[in-house]
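Asker: Have a look at this one before I ask anything.
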Amino acid sequence: EDECSKAKGLSVWKERIHSVWHNLKIASIETSSKPMVKVGDDMEVRAWVQLGDLAPKDVSVQIYYGKTDSTGDIKKGEIAPMTLVEERRGSAILFTGTIRYLRSGKHGFTVRILPYHPDQNSPFETGHILWASEPISVSA
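In this text, residue positions in the sequence shown follow my numbering: the first is 227, and each later residue adds one.
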């Protein structure tokens, strides 16, 4: 495939992202853990996501996590990818991921969705990102 057709395909994809991004929704977030975890524990995160007219291949669903400051904001967060699970709840589809807490203290996590295309230079180039509401707090 030549560069010109790749660029055209990417341009069409970006237009579609811009036109339907407002329909995306993170319907709910579930976790396998309690608010207190031990250092070294894994925590599974499940996100039920409504993609509207987009396909799962058009997005990257991620867990954003890390230590929190006194206001509960995540500082110097890390990213853990989430994987599509072939399970549906109405119009929502399930993505799962795992995070491991390696340090003690107050931590938080949230889920975000970014557009994904194999030919884009950066996941941020469309200017779109959907965050779940407030970070969920966990103490390790």
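Note that CB positions come from ideal geometry on N, CA and C, so glycine has one too.
So, under 8 Å CB-CB, residue 254 and residue 239 are touching, yes? Tell me the CB distance rounded to an integer number of Å.
Answerer: Against the sequence shown, residue 254 aligns to sequence position 28. Against the sequence shown, residue 239 aligns to sequence position 13. Residue 254 to residue 239, Cβ: 28 Å. No contact.
Asker: Going by alpha carbons, who is nearest to residue 266 out of 341, 350, 330?
Answerer: The residue labelled residue 266 in the question sits at position 40 within the sequence shown. Ranking the options by Cα distance to residue 266, first place goes to 330.
Asker: When you compare each of 276, 236, 324 to residue 313 by their alpha carbons, which one comes out closest?
Answerer: For the purposes of this step, residue 313 is taken as the residue at position 87 of the sequence shown. Minimum Cα distance to residue 313 is reached at 276.
Asker: Using only CA atoms, which one of 332, 295, 310, 242 lies nearest to residue 288?
Answerer: Within the sequence shown, residue 288 is the residue found at index 62, counting from 1. It is 310 whose Cα lies nearest to the Cα of residue 288.
Asker: Could you tell me the boundaries of the beta strand (DSSP E) in which residue 174 lies?
Answerer: Missing from the structure shown is residue 174; the chain here goes from 227 to 366 and no further.
Asker: Might you give, ordered along the chain, the residues of its own chain that have their beta carbon closer than 8 Å to the beta carbon of residue 354, omitting 5 neighbours on each side?
Answerer: Taking the sequence shown and counting its residues from 1, the one referred to as residue 354 is at position 128. So the list reads 243, 244, 247, 340, 341, once near-sequence residues are dropped.
Asker: Tell me which residue opens and which closes the alpha helix (DSSP H) that residue 233 is part of.
Answerer: To locate residue 233, count along the sequence shown from 1; it is residue 7. Per DSSP, residue 233 belongs to the alpha helix (DSSP H) from 229 to 246.
Asker: Beta-carbon separation of residue 333 and residue 292 under 8 Å?
Answerer: Counting from 1 along the sequence shown, the entry for residue 333 is found at position 107. Counting from 1 along the sequence shown, the entry for residue 292 is found at position 66. Yes, they are a contact pair.
Asker: Between which two residues does the beta strand (DSSP E) containing residue 253 stretch?
Answerer: Taking the first residue of the sequence shown as position 1, residue 253 is located at position 27. That run of the beta strand (DSSP E) goes 251 to 257.
Asker: Please classify residue 335 as buried or exposed, where buried requires at least 16 neighbouring CB atoms within 10 angstroms.
Answerer: Here the question's residue 335 lines up with position 109 in the sequence shown. Flag for residue 335 reads buried.
Asker: Pull up the distance between the alpha-carbon of residue 294 and that of residue 228, whole angstroms please.
Answerer: Locating residue 294 in the sequence shown gives position 68, where the first residue counts as 1. Locating residue 228 in the sequence shown gives position 2, where the first residue counts as 1. Computed Cα separation, rounded: 46 Å.
Asker: Do you know offhand how far residue 362's Cα is from residue 337's?
Answerer: As a working mapping, residue 362 is identified with position 136 in the sequence shown. As a working mapping, residue 337 is identified with position 111 in the sequence shown. Rounded to whole angstroms, residue 362 to residue 337 spans 10 Å at the Cα level.
Asker: Alpha carbon to alpha carbon, how far is residue 237 from residue 356?
Answerer: Numbered from 1 along the sequence shown, position 11 holds the residue referred to as residue 237. Numbered from 1 along the sequence shown, position 130 holds the residue referred to as residue 356. Whole-angstrom Cα-Cα distance: 21 Å.
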